[in-house]
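Undergrad: This is the structure I want to talk about, given as structure tokens.
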Amino acid sequence: MSIQYLNDYAALEGTVSVDDAEALAQWLQRQDAPAVQLGQCEHLHGAVLQVLLALRPEILSPPPDPFLAGVLLRA
505 MSIQYLNDYA ALEGTVSVDD AEALAQWLQR QDAPAVQLGQ CEHLHGAVLQ VLLALRPEIL
565 SPPPDPFLAG VLLRA
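Heads up: take any position in the sequence shown, counting from 1, add 504, and you land on my numbering.
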């Protein structure tokens, strides 16, 4: 599984596909203080990136890709 939904945050790992976007959006919207951990994320589908940019959860650890990290932390 590319997303693990934990008590305090969602951990996005490996390749996160378009199939994960809707479930992630719904989970983030249900949280009082949404947060994600991206330290083990190798690739995000554009739809997942749009969810993260639109809902702006706290980024607990950025992705290892410098460009993706810059996009998410600048937003």
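No residue lacks a Cβ here, since even glycine has one placed at the ideal position from N, Cα and C. Every value quoted in this text rests on a predicted model; they were computed, and no experiment measured them.
Report the option in TYR513, ASP569, LEU564, GLU517 whose CA atom is closest to the CA atom of ASP536.
TA: Within the sequence shown, residue 536 is the residue found at index 32, counting from 1. Closest option to ASP536, Cα to Cα, is TYR513.
Undergrad: Hey, how far is the Cα of VAL552 from the Cα of LEU576?
TA: Here residue 552 refers to the residue found at position 48 of the sequence shown. Here residue 576 refers to the residue found at position 72 of the sequence shown. C-alpha separation (whole angstroms): 11 Å.
Undergrad: When the Cα of ARG456 is compared with those of TYR509, LEU557, ASP569, which residue comes out closest?
TA: The structure shown does not extend to residue 456, since the chain is modelled only from 505 to 579, so the question has no answer here.
Undergrad: Which residue's Cα is closest to the Cα of SER506: ALA529, GLU546, ALA539, LEU532?
TA: Translated into the one-based positions of the sequence shown, residue 506 becomes position 2. Nearest option by C-alpha distance: GLU546.
Undergrad: Return the Cβ separation of PRO561 and VAL540 in integer angstroms, given the expectation that the two are a contact with Cβ distance under 8 Å.
TA: Within the sequence shown, numbered from 1, the residue matching residue 561 stands at position 57. Within the sequence shown, numbered from 1, the residue matching residue 540 stands at position 36. Confirmed, about 5 Å.
Undergrad: How far does the beta strand (DSSP E) with ALA514 in it extend, from its first residue to its last?
TA: Counting from 1 along the sequence shown, the entry for residue 514 is found at position 10. First-last of the beta strand (DSSP E) with ALA514: 514-520.
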